[in-house]
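Following: one structure in structure tokens, then a few remarks.
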Amino acid sequence: MLLEDLKLNLRTARANHAARVSARDDRASIGRVRASAPWTEFRSWRVGRPFVGALLLMLSGIELFFSGQLDLGNIHVQVGIEGLQSTIIPVIVVTLGILAMFTPVHRVFYGVIALAVSVYSLIGLNLGGFFIGMLLGAVGGIIVVSWMPKITSADDTQTPNATPDKRAKEPLPLVQSRS
Numbered sequence: 000m001l002l003e004d005l006k007l008n009l010r011t012a013r014a015n016h017a018a019r020v021s022a023r024d025d026r027a028s029i030g031r032v033r034a035s036a037p038w039t040e041f042r043s044w045r046v047g048r049p050f051v052g053a054l055l056l057m058l059s060g061i062e063l064f065f066s067g068q069l070d071l072g073n074i075h076v077q078v079g080i081e082g083l084q085s086t087i088i089p090v091i092v093v094t095l096g097i098l099a100m101f102t103p104v105h106r107v108f109y110g111v112i113a114l115a116v117s118v119y120s121l122i123g124l125n126l127g128g129f130f131i132g133m134l135l136g137a138v139g140g141i142i143v144v145s146w147m148p149k150i151t152s153a154d155d156t157q158t159p160n161a162t163p164d165k166r167a168k169e170p171l172p173l174v175q176s177r178s
């Protein structure tokens, strides 16, 4: 399912990029080096999802994993049932980062769960990976939750002042004032 979603997203990104390139004025690109096609497709794909937040979540999970697997000579930092948390928490955070990247529709759910798990890692996993993993996960979760897709429409090219046609399209308020 993720592979089909990725193929669909790549096809959409290619179509969007082709439409933008054909609509762009050729005079603006004179003297500028064009980017290669794979990087342009990747950039188009990246813009349509919370890429930075998901990347921070994955880095947080990796850091949490390595902080939980520390051995200092004969001293084990985590052993017993707590050792299970040092494996499960990083796997959950990395999985949530991957899911947020490939299914941006559910980004709020994934971001809230990642934020909660990252904060829980403060008490469940070596002070949250010595605070670094917890902070990366918290910031990544916040970015994933707050990310919004860029909406482009024909109304964006108009002036910011509302025209009578535009006012007619606005919905009526739910509560009418008594004035």
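In this text, residue positions in the sequence shown follow numbering that gives the first Met the number 0: the first is 0, and each later residue adds one. Virtual Cβ for every residue (Gly too), placed ideally from N, Cα, C.
Is residue i helix, strand or coil by DSSP?
i, result
"G47", "coil"
"S66", "helix"
"S35", "coil"
"I150", "coil"
Rounded to whole angstroms, how far is the Cβ of residue i from the Cβ of residue j, which I believe are closer than 8 angstroms?
i, j, result
"A99", "G52", "7 angstroms"
"L56", "V92", "6 angstroms"
"I150", "L124", "With a Cβ gap of about 39 angstroms, I150 and L124 do not count as contacting."
"A137", "V111", "Wrong, their Cβ atoms sit about 11 angstroms apart, outside the cutoff."
"R106", "W44", "The Cβ separation is near 15 angstroms, so there is no contact."
"P103", "P37", "Contact doesn't hold; Cβ gap of about 21 angstroms is too wide."
Skipping 5 residues on each side, what residues in its chain have a beta carbon closer than 7 angstroms to that of residue i?
i, result
"G128", "E62, L63, S66, S120"
"L135", "L55, L58, S59, E62"
"Y109", "L95, L98, A99, V143"
"G132", "S59, E62, L63, S66, S120"
With distances taken from CA atoms, which of the options is nearest residue i?
i, options, result
"V143", "P37, I131, G47", "G47"
"L58", "S145, G140, W146", "G140"
"Q84", "Y109, L126, W38, A36", "L126"
"A113", "I122, V90, S35", "V90"
Cutting at 6 angstroms between CB atoms, please list the residues of its own chain near residue i, excluding the five before and the five after it.
i, result
"T158", "Only weak support exists for where T158 lies, its pLDDT of 49 falling under 50; the value from the coordinates is given anyway. Excluding positions up to five away in sequence, the list is empty."
Return the chain-ordered ranges of every alpha helix (DSSP H) run that is complete within the segment 69-148 and spans a minimum of 4 residues.
80-101, 106-123, 125-129, 131-145
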